[in-house]
Amino acid sequence: MLRTFKGHKGAVTCMSMDHYGKLLFTGSTDFTIRSWHLYKGTPIKIFEGHQGSVICMQVVGKILYSGSSDHTARAWVTEFGDCTRIYKGHKHTISVIKVFDGLVFTACGDAMCRVYDTKTGDLLRQCPGHSSTVTAVQLVEGRLYTSSYDGCLKVWDVSDLGNENDPNFKLRYPAKVQPVDSKDKDQTKEIEKFGGVGKLDSNQNHSTSAQEKIMIE
């Protein structure tokens, strides 16, 4: 072992690096994001604002984008740690965040993928169709690929995205894949325990103990 980065008061759930490979950013169940000097291991800044576990992040230029179990995604200035934009409208934990060409794509535990304008924070489109948590998103040549715990991969036409403020998102080329087996479901439960990105359940216990705040309904 070469180095240990210490400072978080909870589990570290995600990390990302700046474009120059000098700064490391980490998100945690302690609700904070922290920046570190990559080679020295020394802490630089603490980003505070999320009210739930930080589940995912991506650094684009001088801006860091994060998704949380508090049902929001946020944009931060990496140099100062200031939150400049909040992307609202989610009804569950944000499991994935991706930024591309001035747009923020989020995947969520409410089985929805959403698209926002990076600068204004406006919700541009929603992608309904999955029946469980959206686990991953990829953008390839004008198409958005989404996967889910429901065992499906769906492909969406996003070639005209940003040209109109249409809340209805047209699904094309749906592809059915094999459903998850019992082993995968057991692993999913373990992920839900620590990351809070499981299937939305209206009967879920709403305890506010420190550990259970990882998931905020």
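For the sequence shown, this note's numbering begins at 8 and goes up steadily by one.
For glycine and all other residues, C-beta sits at the position ideal for the given N, C-alpha and C.
In this text, all values refer to a predicted model and were calculated from it rather than measured experimentally.
Who are the Cβ neighbours of Cys21 in its own chain at under 6 Å, not counting the five residues just before and after it? For the purposes of this step, residue 21 is identified with residue 14 of the sequence shown, where counting begins at 1. So the list reads Gly34, Cys63 and Met64, once near-sequence residues are dropped.
Identify whether Leu151 lies in helix, strand or coil by the three-state DSSP scheme. In the sequence shown, counting from the first residue as 1, residue 151 sits at position 144. Of the three classes helix, strand and coil, the one that applies to Leu151 here is strand, per DSSP.
Limits of the beta strand (DSSP E) - the one that Arg132 falls within: Taking the sequence shown and counting its residues from 1, the one referred to as residue 132 is at position 125. That run of the beta strand (DSSP E) goes Leu130 to Cys134.
Short of 8 Å in beta carbon distance, which residues of its chain neighbour Thr142, apart from the five on each side in sequence? Order them along the chain. Taking the first residue of the sequence shown as 1, we reach residue 142 at position 135. Taking C-beta separations shorter than 8 Å and ignoring five residues to either side along the sequence, the partners of Thr142 in its chain run Ser102, Val103, Ala114, Ser154, Ser155, Tyr156 and Val204, following chain order.
Pick out the complete beta strand (DSSP E) segments inside the region 30 to 103, 3 residues or longer, and give them in chain order. 30 to 35, 40 to 44, 50 to 54, 61 to 67, 70 to 75, 80 to 84 and 90 to 94
If you follow the beta strand (DSSP E) that Phe12 is in, where does it begin and where does it stop? Taking the sequence shown and counting its residues from 1, the one referred to as residue 12 is at position 5. In the DSSP annotation of this structure, Phe12 is not part of any beta strand (DSSP E), being labelled neither H nor E.
For Ala118 and Cys159, I'd like the C-alpha separation in whole angstroms. Position 111 of the sequence shown, counting from 1, holds the residue named residue 118. Position 152 of the sequence shown, counting from 1, holds the residue named residue 159. Taking the straight line joining both Cα atoms gives about 11 Å.
9 Å Cβ cutoff met for Gly68 and Leu45: In the sequence shown, the residue the question calls residue 68 occupies position 61. In the sequence shown, the residue the question calls residue 45 occupies position 38. Not a contact, by the Cβ cut-off of 9 Å.
Among Gly96, Val165, His99 and Phe87, whose alpha-carbon lies nearest the alpha-carbon of Phe107? Taking the first residue of the sequence shown as 1, we reach residue 107 at position 100. That would be Val165, whose Cα lies nearest to the Cα of Phe107.
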